[in-house]
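Peer 1: One structure coming up, written as structure tokens, with questions to follow.
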Amino acid sequence: MKRVAILISGGGSNMVALVESMTGDHPARAVLVLSNDPAAGGLARARDLGVAAAAVDHRPFGADRAAFEAELLKPVLAAAPDILCLAGFMRVLTPAFVERFRGRMLNIHPSLLPKYPGLHTHARALAAGDAEAGCTVHEVTPDLDAGPILGQARVPVLPGDTEATLAARVLAKEHRLYPAVLRRFAAGDRALVFL
Ligand code: GRF
0 MKRVAILISG GGSNMVALVE SMTGDHPARA VLVLSNDPAA GGLARARDLG
50 VAAAAVDHRP FGADRAAFEA ELLKPVLAAA PDILCLAGFM RVLTPAFVER
100 FRGRMLNIHP SLLPKYPGLH THARALAAGD AEAGCTVHEV TPDLDAGPIL
150 GQARVPVLPG DTEATLAARV LAKEHRLYPA VLRRFAAGDR ALVFL
């Protein structure tokens, strides 16, 4: 059974979808939910789902990312995860941290990578007049939002869409895509998932 740690920063809706998917004959189970924000709503949601939850506040460390990550690493190593899932985790990780988990750390990004790495993805898709938008699950590498793609889900951009309506449509697909990719990834299957 693969052990999965999930890193969050906020409400953790993707985390909930992932935790709820890991049941029955699924080859993985969530062993830790970890946030950089002690006030993240996802921490209580994780505990309600019976998953250990912890927070390492990044703010006391200021710009010293390495010091924050040295602290973050403690609960991660204690949980001994086989796989790390970044799910709404809003801190950029250093290459040293990423290299430590290279090949077994996933992230979900709210765009059809390689389009729109970084932030404000929905606003950028709307501004560009794109007919489609979506989300991508990829392996995390030191280059932000640029690792090998494991799955993508597409949604139409509809007339009158706002950033909020498009984000909601994409988020609903994220909650299906990420669990589908994780199930295959945990089973050692690297076949791409397209939804
Ligand atoms: C979502 O837009 C997701 O694409 C991105 O973080 C945002 C919040 O996700 N990764 P969640 O609801 O905290 O899972």
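Quick note on numbering that gives the first Met the number 0: the sequence shown kicks off at 0 and runs consecutively.
Here a beta-carbon is modelled for each residue, glycine too, at the ideal position from N, C-alpha and C.
Because the structure is a prediction, the values reported are computed rather than measured.
By how many angstroms is the C-alpha of P155 removed from the C-alpha of A95?
Peer 2: For A95 and P155, the distance between alpha carbons rounds to 38 angstroms.
Peer 1: Looking at the unbroken alpha helix (DSSP H) that takes in T22, where does it start and where does it end?
Peer 2: Taken as a continuous stretch (DSSP letters only), T22 belongs to no alpha helix (DSSP H), as it is neither H nor E.
Peer 1: Report the option in G187, L111, V136 and A86 whose CA atom is closest to the CA atom of N35.
Peer 2: Checked all of G187, L111, V136 and A86; the closest Cα to N35 is A86.
Peer 1: My guess is that V196 and V50 are in contact by the Cβ rule of under 8 angstroms, so how many angstroms apart are they, rounded?
Peer 2: As shown, the chain starts at 0 and ends at 194. That puts residue 196 outside it, with no answer to give.
Peer 1: When the Cα of V30 is compared with those of G40, L17, A38 and P37, which residue comes out closest?
Peer 2: Nearest of G40, L17, A38 and P37 to V30, Cα basis: L17.
Peer 1: Closest to I107 by C-alpha separation, out of E70, E98 and A145, would be which residue?
Peer 2: The option with the nearest alpha carbon to I107 is A145.
Peer 1: State the Cα-Cα distance for the pair R183 and M104, rounded to the nearest angstrom.
Peer 2: Those two C-alpha atoms are separated by around 14 angstroms.
Peer 1: Is there at least one non-hydrogen atom of the ligand GRF closer than 6 angstroms to the beta-carbon of S12?
Peer 2: Checking the Cβ of S12 against the ligand GRF gives yes.
Peer 1: Confirm the yes/no value for this check: CB of P109, any heavy atom of the ligand GRF, distance under 6 angstroms.
Peer 2: Correct: P109 has its Cβ closer than 6 angstroms to the ligand GRF.
Peer 1: Between the alpha carbons of L177 and A62, how many angstroms are there, rounded?
Peer 2: Here residue 177 is Tyr; the residue named in the question, Leu, does not match the sequence. Those two C-alpha atoms are separated by around 30 angstroms.
Peer 1: Is G133 near the ligand GRF - that is, is its Cβ less than 6 angstroms away from at least one heavy atom of it?
Peer 2: Result no, Cβ not under 6 angstroms from the ligand GRF.
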